[in-house]
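Just below is one structure, and these are the notes that go with it.
Encoded structure:
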């Protein structure tokens, strides 16, 4: 395993935190956001090894706030790039990263009145972004 650079760690963090943000914003609401944040932090805390180090060290990612499309345009490529980084530097952690991100996204969706169609659609986009390239 090769050590991740600070930029690579930030890419993993941008993808993971951004995925949570996308799901949380699929159905906006202040009370829902609080419950969803707690749910996401629990899932992200389950990470281990290189993934945990990337998600718990360094600065928080800067996500755009203007529109859902801008956020998606940042987050979805970051998820794909994170998988590429891990495949190159720590192949054993690729599945762990996918699992943590999808678990966090699912917990966020479940946290407030179950998974809505909008949240399910966002989770599908996240799953696709994390998939192996063809």
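Numbering (UniProt numbering), first residue to last: 1 to 134.
Glycine residues also receive a C-beta, built at the ideal position from the N, C-alpha and C atoms.
Under a 10 Å Cβ-count criterion, residue 107 is classified as buried, with 16 or more other Cβ atoms of the shown protein chains found around its own Cβ. The C-beta separation of residue 20 from residue 122 comes to about 10 Å, leaving the pair out of contact by the 8 Å criterion. A Cβ-Cβ distance of about 6 Å is found for the pair residue 76 and residue 125, placing them in contact under the 8 Å criterion. For residue 119, the number of other beta carbons within 10 angstroms of its own is at least 16, and it is reported as buried. The DSSP assignment places no complete beta strand (DSSP E) segment of no fewer than 3 residues inside the segment 39-124. In the three-state reduction of the DSSP assignment, residue 26 falls in the helix class. With 16 or more other Cβ atoms from the protein chains shown falling within 10 Å of its own Cβ, residue 98 counts as buried. Of the candidates 65, 6, 12, 56, 12 places its Cα closest to the Cα of residue 130. Taking a C-beta distance under 8 Å as the contact criterion, residue 18 and residue 82 do not qualify as a contact pair. C-alpha of residue 47 to C-alpha of residue 96: approximately 7 Å in a straight line.
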